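Going by the numbering used here, the residue at position 98 of the sequence shown is 102; the numbering climbs one at a time, nothing skipped.
Written below as structure tokens is the structure these notes are about.
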Amino acid sequence: MPESTKSSTGTDPHVYVTVLAGGVGSRFWPASTPDRPKQLLPLASDEPLIVDTVNRALGLVPEERIRILASDRLTELILEVLPNLGREAFMVEPQARGTAPVLAWAAWEIAKIDPAAVIVSLHADHIIKPMAPYLQLLRDAADLAQETGRLFAVSVPPNRPETGYGYIEPGEPLDAPAGVQAFTVAAFHEKPDTETARRYVTEGHFWNSGIFVWTAAAFLGEVKKVAPEIG
5 MPESTKSSTG TDPHVYVTVL AGGVGSRFWP ASTPDRPKQL LPLASDEPLI
55 VDTVNRALGL VPEERIRILA SDRLTELILE VLPNLGREAF MVEPQARGTA
105 PVLAWAAWEI AKIDPAAVIV SLHADHIIKP MAPYLQLLRD AADLAQETGR
155 LFAVSVPPNR PETGYGYIEP GEPLDAPAGV QAFTVAAFHE KPDTETARRY
205 VTEGHFWNSG IFVWTAAAFL GEVKKVAPEI G
């Protein structure tokens, strides 16, 4: 593992945060529109969701290690609500090709800056409280990713049989810091119908939060193996 010194945030200096901010929030219409998608709406506080997301990210890493992934048009809209965030923080998608390609592109670009980079991939439209345990979980996941070379997906214990989320079926337990549960992934399941969602909850499956943590090198290695057309 590369030598490192934890920063004032308690996070390894090789950690970068990417924020997926390119969605148009069509399922939240009419409140969310292409000109003002939900990540630009103040749904959880007085600030737009993207501002809350960046503020949480700043609890992990300094501004220079945050990358916002968005289209050219959305970049301009986001800069209106985050005027202090420099344009260098934005990675403007050359074309909309989906989540996996843009994450691979981000990992490739970040790895050129820091070959030992660990990437925490967030979404711009999440509502997360309280912040302290969330940030500690991400620090622990970043440490595990760096130590093991595994790809980590952050999951959430379900409190209802939700049909709007994907599910993660846990496999074998992994060694993890105190207070953290880590498992191999037996399977990812797409959004289920109600009956299937009830079964997933009963069987101890987790919601897939869409938050991922990995080293750039490990992720790009997996992309090359399973989806070489992306790389």
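Backbone N, C-alpha and C fix where the C-beta goes; we use that ideal spot for every residue, glycine too.
Quick caveat: nothing in here was measured; it's all calculated off a predicted structure.
Coil, strand or helix - residue i by DSSP
i	result
Ala110	helix
Ile117	helix
Leu81	helix
Glu92	helix
Arg164	coil
Pro105	helix
Identified DSSP bridge partners for residue i
i	result
Met135	Its beta-bridge partners do not exist; DSSP assigns none.
Tyr20	Ile123
Pro87	Answer by DSSP bridge pairing: none, since Pro87 is not bridged.
Arg202	According to DSSP, which records beta bridges pairwise, Arg202 is partnered with nothing at all.
Leu178	Ala186
Top-ranked residue by Cα proximity to residue i, from the options
i	options	result
Val160	Ile54, Asn212 and Ala115	Asn212
Gly63	Phe192, Leu81, Pro17 and Gly225	Pro17
Gln99	Glu226, Arg91, Leu78 and Asn88	Leu78
Arg101	Ile72, Pro162, Phe94 and Gly26	Gly26
Ile70	Glu92, Asp76 and Leu224	Glu92
Leu86	Pro119, Ala128, Thr152 and Gly14	Ala128
Pro165	Val58, Thr206 and Glu226	Thr206
Phe192	Gly208, Glu173, Glu233 and Lys229	Glu173
Leu89	Val227, Val106 and Glu68	Glu68
Glu47	Ile131, Trp218, Gly208 and Glu176	Going by the sequence as given, residue 47 is Leu instead of Glu. It is Ile131.
Residue i burial status per 10 Å Cβ neighbour count (16 or more: buried)
i	result
Ser125	buried
Trp33	Note that Trp33 has pLDDT 49, beneath the 50 cutoff, so the model's placement of it is unreliable and the number below is only indicative. Burial call: exposed.
Ile117	exposed
Pro119	exposed
Contacting residues, own chain, Cβ-Cβ under 6 Å from residue i (five flanking each side not counted)
i	result
Ala231	none
Ala220	Ala111, Ile114, Ala115, Ala121 and Ile123
Phe216	Ser125 and Ala157
Pro177	Phe187
Own chain partners of residue i with C-beta closer than 8 Å, once the 5 adjacent residues on each side are dropped
i	result
Ala180	Asp144, Leu148 and Ala186
Val96	Ala74, Ser75, Asp76 and Thr79
7 Å CB neighbourhood of residue i in its chain, flanking five on each side removed
i	result
Asp197	Thr167
CB contact check: residue i to chain C, cutoff 7 Å
i	result
Lys195	The chain inventory of the structure shown lacks chain C, comprising one protein chain alone.
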